[in-house]
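Reading through the structure tokens given below for one structure.
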Amino acid sequence: MAILPLFLLALACLGANAAPINDRFRTGKAEEGLPQLPLTAVPGEHMRYFTLSQVVQCCPPTSTGKPILPTCQDASDISSWLADNINTQYKQLLAPGTGNATVTTTLLQRVAQCNYSSLVTYVGSADLEQQLADAANQGKLCDALPQYCAQAFNPSGSTLQSSSGATDVTPPPVVNFNCVKGFYKQTLDHFNTSDSRFFKQVFWVCDKSFPGNQQDKASSGNIIVFLGNESPLGIPKQPIVFENAERLNALVLLVEHRYYGESMPFSAPDDLLTTAQYKYLAIQQVIEDTAAVLAFVRKERSVPAAVPAVVIGGSYGGMLASYHRVVKPDVFAAAVAASGPLTYVFGTQMWADTSNKYHEILADSLDVNTGSKMCSGTVRAGLDEVLKMTKHKAGRRQLASLFSLCPGTAAAVEKSQEAGFAFYMDVYGQFHGWVQVNDQPPLLGQVALACDIITTTYDRTQNPLQAIVDVSYYFRSNGSANWCYSFNSNYTLIVGDPDASLRAYSYQVCTQGSVYSSEMAATGSPNTLTPAYGVWGLMLRQECRNLFGRRLPERKSPRFMLDMQQLCKTGGIVFTNGDLDGWAGGSFQSFKELQAAIAAGFAGNARHGGKWWDAGDAAAARIAFVTYKGASHCTDTHSYNWANPTGQEQGIYKRQRAQAMDYAAKFMRPRK
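Numbered by mature numbering (1 follows the signal peptide of the UniProt record, and there is no 0), the letters in the sequence shown go through residues -18 to -1, 1 to 654 in order.
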């Protein structure tokens, strides 16, 4: 099984249906309560918002008696049930002709405690929000919505511990910033003027913070361009954008990446395109797409030429932001590259030099989140044992029994060493996932939680292998007596699942050098969790041909993906990273790290007549760095509950996001 890419695990970087760099290992429930578009108020009516917060204790003991991660009710279910009951029981308080109330719920889980915050949007009488908010504050929510409580809690055995309501709330960004969704008639091939084909590309414009008159636009206005990445764009709600748009007097533009979401150049069942149809899926085309949409919006909104644009992206989108700045510095005056692993371009020297940093940071996360090396040491010892046992049949048979592998996969693992290695990578891959989304909704603190299981087992048994068994069971099992561990026993570097986003991203991996975490070779250094394993280009090439056929173009990374010296010359880029994000190993947290990447690529550039260039320092190069201490992936762009940020660290991170945007503002070219 491939350890997945820059995208799916916890819907981390874009919110809505999206996320970046990721793994398919299911470490907890994904946040499914996606914000819905608000109702349209009729003349004379006022749109109202209020929140209902609920703390729920979950769940009854399992049939096996072994500890497992409790399963909170999906946020989408909570939203649906609340909306249905409000619209049924309080219909008389909704304004006629305005449609039903809508509910958007976010979930934050701390082990067995499920914290729901539901934003209710409606048009109608203020009595509705007051009655339900009062009921929630008085602990009588189930009296006010009895059918809802019967649906949400009784069947699952969960218990509503407390509730609260608030009528003075800030609407979500999509409403608060006047965001409007549009479709742009986008050129299919920007590099072939004889090809007149086009497709519809999704974009959003949010104009509330942009000055109203031309003089103010020209003197103080800015444009923030947020880039979609390898998944659907969803709706506007990225923290770094909307926390700072107002003070920057910014017009906000969000652009969906071609071949993802609704921006599909071709139609096919389930959007699974042929290899030939993916021909136009290239970063060069993406950069031209963004520039074209930006030019269209500038013209449509009469934006003065003096107004500069900063481009922002997260994860793979962070890489894209840097590339946009390098390729079109006159169009994009600055860039914020959030969690963008620029050195992780497969097959390059900088990839070879920095791959092991990914694994080092995974171990660091365990150490920092627990305050000791006991957990990481136990994990390393346990994984060492797993890998050794995969190398002989008796060991693989024992692993199948210990981990309760399902019959089919157990037989495959016992039969071949290759399947045994696939099993090892699946077990190790769990740690990739827990670290990547550790401080993101819905399940907070996954690393500490996993380490608690690991150290508890080790204290009891002094057996590191059993600790790995128990933590795998805790996160993967549903607690039933007949549960078994299932995984894909055919180890691959890329993902061939019948999923449109996965298939499209795999094409990018195969043709331009984007990466999955399975492509991060490990040296086996003692400051990591894993023994050594290699990753080979021939293996990747064969897998790519198996997936896309022999007519697949050869992998060729554009020059701008390889030339960190040109990136440094161009400048105007802010690199932001969580210091406990494995993907930060491929980004830059200091000018020294950027210089190392320049040195790695210098030999190749020299062969083409390149000369060494040294800016001296970050300030001279107009490069800045913001590091979120203790943070995991995409702290700039992952979605959290806008009405109730979680934890003290959110205040610190918010200030740092402002600092990143201040750097970007300074990098903007002088106004004419």
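Don't be surprised by glycine CBs; every beta carbon is placed ideally from N, CA and C.
6 Å CB neighbourhood of ALA600 in its chain, flanking five on each side removed: In the sequence shown, residue 600 corresponds to position 618, counting from 1. Closer than 6 Å at the Cβ level, and outside the excluded window around ALA600, lie PHE573.
Cβ neighbours of ALA504 in the same chain (closer than 7 Å, five flanking residues each side left out): One-based indexing of the sequence shown puts residue 504 at position 522. Closer than 7 Å at the Cβ level, and outside the excluded window around ALA504, lie ASN338, HIS341, THR510, THR512, ALA514, TYR515.
Terminal residues of the beta strand (DSSP E) in which CYS96 lies: The residue labelled residue 96 in the question sits at position 114 within the sequence shown. Its beta strand (DSSP E) spans residues 95 to 105.
Alpha-carbon to alpha-carbon, TYR487 and THR360: The residue you call residue 360 lines up with position 378 of the sequence shown. The residue you call residue 487 lines up with position 505 of the sequence shown. The straight-line gap from Cα to Cα measures roughly 35 Å.
Own chain residues within Cβ distance below 6 Å of THR149, not counting five before or after: Within the sequence shown, numbered from 1, the residue matching residue 149 stands at position 167. Counting only Cβ-Cβ distances below 6 Å, and skipping sequence neighbours, we find PHE32, GLU111, ALA115.
Whether SER140 touches SER35 by CB criterion (8 Å): By one-based count along the sequence shown, residue 140 stands at place 158. By one-based count along the sequence shown, residue 35 stands at place 53. It is not a contact, given that the beta carbons lie outside the stated cut-off.
DSSP state of GLN71 mapped onto helix, strand, coil: Along the sequence shown, one-based indexing puts residue 71 at 89. Note: GLN71 maps to helix in three-state DSSP.
With 16 other Cβ atoms within 10 Å as the buried cut-off, status of VAL409: The sequence position of residue 409 within the sequence shown is 427, counting from 1. Answer is buried; the Cβ neighbour count reaches 16.
Beta-carbon proximity list for TYR104, same chain, < 7 Å, skipping 5 on both sides: Taking the first residue of the sequence shown as 1, we reach residue 104 at position 122. The residues are LEU21, ARG30, LEU76, ALA83, LEU110.
Neighbour-count burial assignment, ILE3, 16 or more Cβ in a 10 Å radius: Sequence index remark: in the sequence shown, residue 3 carries index 21 (1-based). Residue placement at ILE3 is poorly supported in this model, since its pLDDT is 32, which falls under 50; the coordinates still yield a value, given next. Its Cβ being crowded by 16 or more others within 10 Å, ILE3 is buried.
Reference THR552; option with closest CA among ARG651, CYS492, SER499, GLN183: Translated into positions along the sequence shown, residue 552 becomes position 570. Residue ARG651 is the option with its Cα nearest to THR552.
Contact under 8 Å by Cβ, SER471 with PHE413: Within the sequence shown, residue 471 is the residue found at index 489, counting from 1. Within the sequence shown, residue 413 is the residue found at index 431, counting from 1. Taking 8 Å as the Cβ cut-off, SER471 and PHE413 do not qualify as a contacting pair.
Completely contained beta strand (DSSP E) runs for the stretch 357 to 387, where each covers 3 or more residues: none
Exposed unless 16 or more other CB atoms sit within 10 angstroms - verdict on THR175: Translated into positions along the sequence shown, residue 175 becomes position 193. Exposed, because fewer than 16 other Cβ atoms sit within 10 Å of the Cβ of THR175.
7 Å CB neighbourhood of PRO446 in its chain, flanking five on each side removed: Taking the first residue of the sequence shown as position 1, residue 446 is located at position 464. Closer than 7 Å at Cβ, skipping near neighbours: THR360, ALA363, GLY364, GLU367, TYR440.
Local conformation of TRP333 per DSSP, three classes: Within the sequence shown, residue 333 is the residue found at index 351, counting from 1. DSSP places TRP333 in helix when its eight states are reduced to three.
At least 3 beta-carbon pairs within less than 8 Å: the stretch 305 to 322 vs the stretch 539 to 554: yes
Collapsed DSSP secondary structure at CYS492 in the structure displayed: Position 510 of the sequence shown, counted from the start, is the residue given in the question as residue 492. Helix, per DSSP.
Segment limits, alpha helix (DSSP H) that includes residue 655: Because the chain here runs from -18 to 654, residue 655 falls outside it and cannot be looked at.
Minimum length 3: unbroken beta strand (DSSP E) runs contained in the stretch 283 to 338: 291 to 296, 316 to 320
Span of the alpha helix (DSSP H), counted from its first residue to its last, around LYS167: Along the sequence shown, one-based indexing puts residue 167 at 185. That residue, LYS167, is in no alpha helix (DSSP H); its beta strand (DSSP E) goes 161 to 169.
C-alpha distance - PHE135 paired with LEU142, whole-angstrom precision: Mapped onto the sequence shown, residue 135 falls at position 153. Mapped onto the sequence shown, residue 142 falls at position 160. Whole-angstrom Cα-Cα distance: 7 Å.
Rounded separation between ALA646 and ILE294 - CA only: Translated into positions along the sequence shown, residue 646 becomes position 664. Translated into positions along the sequence shown, residue 294 becomes position 312. Roughly 10 Å between the two C-alpha positions.
Distance, GLN55 Cα to SER61 Cα: Locating residue 61 in the sequence shown gives position 79, where the first residue counts as 1. Locating residue 55 in the sequence shown gives position 73, where the first residue counts as 1. Going by the C-alpha atoms only, they are around 11 Å apart.
CB contact flag (GLN196, PRO286, <8 Å): On the sequence shown, position 214 is the one that residue 196 refers to. On the sequence shown, position 304 is the one that residue 286 refers to. Yes, they are a contact pair.
Helix, strand or coil at ASN559 [DSSP, three-state]: Counted from its first residue, the sequence shown places residue 559 at position 577. Note: ASN559 maps to strand in three-state DSSP.
LYS538 burial status per 10 Å Cβ neighbour count (16 or more: buried): Here the question's residue 538 lines up with position 556 in the sequence shown. LYS538 is exposed by the Cβ-count criterion.
Whole-angstrom distance between SER321 and GLU238, CA atom to CA atom: For the purposes of this step, residue 238 is identified with residue 256 of the sequence shown, where counting begins at 1. For the purposes of this step, residue 321 is identified with residue 339 of the sequence shown, where counting begins at 1. Taking the straight line joining both Cα atoms gives about 19 Å.
CA-to-CA distance, GLY194 to LEU484, given in whole angstroms: Counting from one through the sequence shown, the residue named residue 484 turns up at place 502. Counting from one through the sequence shown, the residue named residue 194 turns up at place 212. C-alpha separation (whole angstroms): 42 Å.
Distance, LEU344 Cα to TRP333 Cα: Here the question's residue 333 lines up with position 351 in the sequence shown. Here the question's residue 344 lines up with position 362 in the sequence shown. Roughly 17 Å between the two C-alpha positions.
For GLY519, the first and last residue of its enclosing beta strand (DSSP E): On the sequence shown, residue 519 is found 537 positions in, with the first residue counted as 1. Looking at the DSSP string, GLY519 is not in any beta strand (DSSP E); the run it does join, the alpha helix (DSSP H), is 519 to 530.
Same chain only: Cβ atoms within 7 Å of GLY519, ignoring 5 sequence neighbours per side: Working through the sequence shown from its first residue, we reach residue 519 at position 537. The answer, listed in chain order, is GLY329.
CB contact check: VAL285 to chain C, cutoff 8 Å: Here chain C cannot be found, since the structure has a single protein chain.
Start-to-end residues for the beta strand (DSSP E) that takes in ARG537: Within the sequence shown, the letter at position 555 stands for residue 537. Where ARG537 is concerned, there is no enclosing beta strand (DSSP E), given that its DSSP letter is neither H nor E.
PHE180, buried or exposed, once every other Cβ within 10 Å from all chains shown has been counted against 16: In the sequence shown, the residue the question calls residue 180 occupies position 198. Exposed, since its Cβ has fewer than 16 Cβ neighbours within 10 Å.
Backbone secondary structure at GLY147 - three-state DSSP: On the sequence shown, position 165 is the one that residue 147 refers to. Here GLY147 carries a strand assignment [DSSP, helix/strand/coil].
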